[in-house]
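In terms of UniProt numbering, the sequence shown opens at residue 1 and continues consecutively. We treat Cβ as the ideally placed atom computed from N, Cα and C, and that holds for glycine. Some notes on the structure that comes next.
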Amino acid sequence: MTTTSALLATFPLRDGAGTPLVMLHGFPLDHRMWRAAAEALPEGVRAIGVDLPGQGHSDLGGIPPRLEDVADAVHRTMREQGEGNAVVVGLSLGGYVALALAERHPGFVVGLGLVDTKSTADLDAARANRLRIADAVTQAQTLDPVLSMPGMLLGTTSAEKRRNLFPLLESWIRAQSPAGVAWAQRAMAARPDRTDVLRTFDGPVSVVVGAEDQITPLVEAEHMVHAARDGALTVVPAVGHMSAVEDPASVAAALSLLHRRVAERRTPPRWPWQY
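Below, the structure is given as structure tokens:
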């Protein structure tokens, strides 16, 4: 367990009651990438955005670049705010943290939403590239190595029909700090394969993937669904790695169904004489 006492910045994305959706963002972004999807959720579904360490409004706070420690920080932050449990939703980097949360704090996580992410570890080449970018950002103290990422994050349909998303993502990236970007790359490079977490996790799992996602493609999503005890797959057409930004309504519909599956599991059955 991490020894840091740092708490993370959180943001109410949707008012409601009951078990919340805790929404963890992708790299190199912050909680703002979830706003449109949260607003598209049905009335009554509560959603909380979290800025991960060194991203958005959260300080690094001495947290080492390990997703296990990030998961502990998210858990501690939610407990401090009085949350007993949550449906944890993560996109890309956020999905890696969500799986670490389910591994380390299974009593807290009652449902998993894994959006444009994967449960496997990086291959050697991808890991080396992450560390190269982390070193470049640290040495130059500039975000230049990641400013071209909207072209990789967004799908080909968005390149043709949603051109407004490119400057939006770039503005979110420019708001990040070089230290936070480098930290996140090192944390992702160090992560292990967590497919076994899905094999043992007892709650509902919703896997969502953009049909045009080239970073964590459909094969990775199918791998997670097949591993999960209670998994459901949603393929969102005409979007890439940023499905929650490119088609927030479709992602919100999948997460709403996940929330409902969790609620149905947690509602005690009624006997005939109770009707």
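The DSSP assignment places complete alpha helix (DSSP H) segments of no fewer than 4 residues inside the segment 81-109 at 93-104, in order along the chain. Counting only the Cα atoms, G94 lies some 14 angstroms from T120. Restricting attention to E103, T19, T157, the CA atom closest to the CA of V197 is found in E103. Counting C-beta pairs closer than 8 angstroms gives three or more between the segment 228-241 and the segment 209-220, which meets the contact rule. Of the candidates V225, N129, R260, V225 places its Cα closest to the Cα of T195. A228 and V205 have their C-alpha atoms some 7 angstroms from each other. For I173, the CB contacts under 8 angstroms within the same chain, skipping 5 residues up- and downstream, are P28, L29, L143, V146, L147, M149, P150 in chain order.
Within its own chain, the residues whose Cβ lies closer than 8 angstroms to the Cβ of P217, once the five positions on either side in sequence are excluded, are V209, listed in chain order. In the DSSP assignment, F11 is bridged to G49.
Under the three-state reduction of DSSP, L114 is assigned to strand.
Contact between V74 and L101 is confirmed by a C-beta separation of about 6 angstroms, below the 8 angstroms threshold. The beta carbons of R35 and G18 sit no closer together than 9 angstroms. If you draw a straight line from the Cα of D247 to the Cα of A159, it is about 14 angstroms long.
The continuous stretches of alpha helix (DSSP H) do not include S206, which lies in the beta strand (DSSP E) extending over residues 205-210. Residue environment for G49: buried (at least 16 other C-beta atoms within 10 angstroms of its C-beta). In summary, D193 is exposed, with fewer than 16 beta-carbon neighbours lying within 10 Å of its beta-carbon over all protein chains present. Here G62 is exposed. Its C-beta has fewer than 16 other C-beta atoms within 10 Å.
Excluding five sequence positions before and after V181, the CB atoms of its chain that fall closer than 7 angstroms to its own CB belong to P28, V137, L143, V146, given in chain order. Shown here, P20 sits in a strand according to DSSP, grouped into three states. When C-alpha distances from T10 are compared across Q55, G44, L41, the shortest belongs to Q55.
Per DSSP, G155 has no beta-bridge partner at all. Judged by their CB atoms, A252 and A232 are not nearer to each other than the 9 angstroms cut-off.
Taken through DSSP and simplified to helix, strand or coil, V239 comes out as coil. Just so you know, the alpha carbons of R261 and A37 end up roughly 19 angstroms apart. DSSP, reduced to helix, strand and coil, places A232 within a strand of the structure shown. In terms of CA proximity to A184, L67 leads the group L41, P20, L67, H31. Sequence-distant Cβ neighbours of R191 in its own chain, meaning closer than 7 angstroms and more than five residues away, are L67, Y96, A121.
With a cutoff of 9 angstroms on beta-carbon distance, V89 and M23 are scored as near each other.
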